[in-house]
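Novice: Protein chains in written order, with the numbering used here: chain A, 1 to 114; chain B, 115 to 226. Structure below; questions to follow.
Here it is, written out as structure tokens:
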């Protein structure tokens with residue numbers, strides 16, 4: 001079965017630094033998403049992206065966050081100035097269509113902000 | 115503002131059927147019921163979804179009551195690898211995207 005690939009699997013950074021989390025969605029998918037999960041808490045929606053623009057975003061997705069599809073295969077999440085509370089597992093997901101289509105999630109990037 | 119209610123945890127013996135309940139008494143007519151699971155902090159994995167008819171695939175069966183106020187996910191022969199957190203999610207299947215709202219889910223422990 002095709003997979004969503006995320007790199008790196010672990011990222012450690014200093015508070016205030018910029019980080020870029022990378023994802024390669026499934027090749028024929030058109031909708032892309034970022035979710036995050038703070039240790040011991042629920043999976044939270046951050047943003048959805050379609051046709052090179054943001055479709056929906058949550059309150060968490062503030063000006064410190066941005067997403068980009070720099071080429072035909074990668075989908076990135078940038079955090080401009082990391083805070084301690086940004087430490088979490090970040091999941092990328094993709095789906096072929098919107099609506100009732102199922103989401104395929106990657107295995108995540110564990111971000112630790114020191 | 116949770117739309118679903120699930121028991122926080124359940125146990126199941128290996129090889130037996132696991133029946134995971136979900137209450138969604140305020141579900142709207144155009145909302146689907148989705149089930150995902152998360153194995154030990156891996157990315158959530160889609161299991162099955164339905165509107166009002168019962169559904170079955172290679173992973174599980176979904177039974178939705180006639181009034182659609184509750185549903186049950188059935189894993190017919192649970193294995194140790196089915197130990198995970200199972201999420202029941204209701205959402206409108208429209209073209210606005212796929213913002214899934216995950217609740218606390220049910221932590222299923224399959225025991226030998």
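Cβ coordinates follow ideal geometry from the N, Cα and C atoms, glycine included.
Counting beta carbon pairs with one atom in the segment 88–95 of chain A and one in the segment 144–162 of chain B, are three or more of them shorter than 8 Å?
Specialist: Contact between the segment 144–162 of chain B and the segment 88–95 of chain A is present, because at least three Cβ pairs lie under 8 Å.
Novice: Tell me which same chain residues have a C-beta within less than 8 Å of the C-beta of residue 115 of chain B, skipping the five on either side of it?
Specialist: Because the pLDDT of residue 115 of chain B is 46, which lies under 50, any placement of that residue in the model is unreliable, and the number read from its coordinates should be weighed accordingly. Closer than 8 Å at Cβ, skipping near neighbours: no residue.
Novice: Does DSSP put residue 85 of chain A in a helix, a strand or coil?
Specialist: Three-state DSSP puts residue 85 of chain A in a helix.
Novice: Residues of chain A with a CB under 7 Å from the CB of residue 213 of chain B: which are they?
Specialist: Neighbours of residue 213 of chain B on chain A, chain order: 45, 48, 56.
Novice: Count Cβ pairs between the segment 75–82 of chain A and the segment 12–31 of chain A that sit closer than 8 Å; are there 3 or more?
Specialist: Output reads yes: the segment 12–31 of chain A touches the segment 75–82 of chain A.
Novice: Counting only Cβ pairs nearer than 7 Å, list the residues of chain B close to residue 107 of chain A.
Specialist: Residues of chain B passing the Cβ test: 156, 157.
Novice: Roughly how many whole angstroms lie between the Cα atoms of residue 198 of chain B and residue 119 of chain B?
Specialist: Cα to Cα, the separation comes out at about 17 Å.
Novice: List the residues of chain A whose Cβ lies closer than 9 Å to the Cβ of residue 160 of chain B, in chain order.
Specialist: Ordered by position in chain A, the residues that pass the 9 Å Cβ test against residue 160 of chain B are 102, 103, 104, 105.
Novice: Going by alpha carbons, who is nearest to residue 29 of chain A out of A:104, A:110, A:113?
Specialist: Ranking A:104, A:110, A:113 by Cα distance to residue 29 of chain A puts A:104 first.
Novice: What is the DSSP secondary structure of residue 196 of chain B, reduced to helix, strand or coil?
Specialist: Reduced to three states, the DSSP call for residue 196 of chain B is helix.
Novice: On the CB-based measure, 16 or more other CB atoms within 10 Å of its CB, does residue 153 of chain B come out buried or exposed?
Specialist: Its Cβ having fewer than 16 others within 10 Å, residue 153 of chain B is exposed.
Novice: How many Å lie between residue 165 of chain B and residue 215 of chain B at the Cα?
Specialist: Rounded to whole angstroms, residue 165 of chain B to residue 215 of chain B spans 17 Å at the Cα level.
Novice: Looking at chain A, which residues of the segment 133–153 of chain B have a Cβ within less than 9 Å of any of its Cβ atoms?
Specialist: Against chain A - using a Cβ distance shorter than 9 Å - the residues of the segment 133–153 of chain B are 146, 148, 150, 152.
Novice: Can you find at least 3 beta carbon pairs, one from the segment 119–138 of chain B and one from the segment 183–197 of chain B, that sit closer than 8 Å?
Specialist: The segment 119–138 of chain B vs the segment 183–197 of chain B: in contact.
Novice: Can you name the start and end residues of the beta strand (DSSP E) that residue 122 of chain B belongs to?
Specialist: Residue 122 of chain B -> no beta strand (DSSP E), and no H or E assigned at all.
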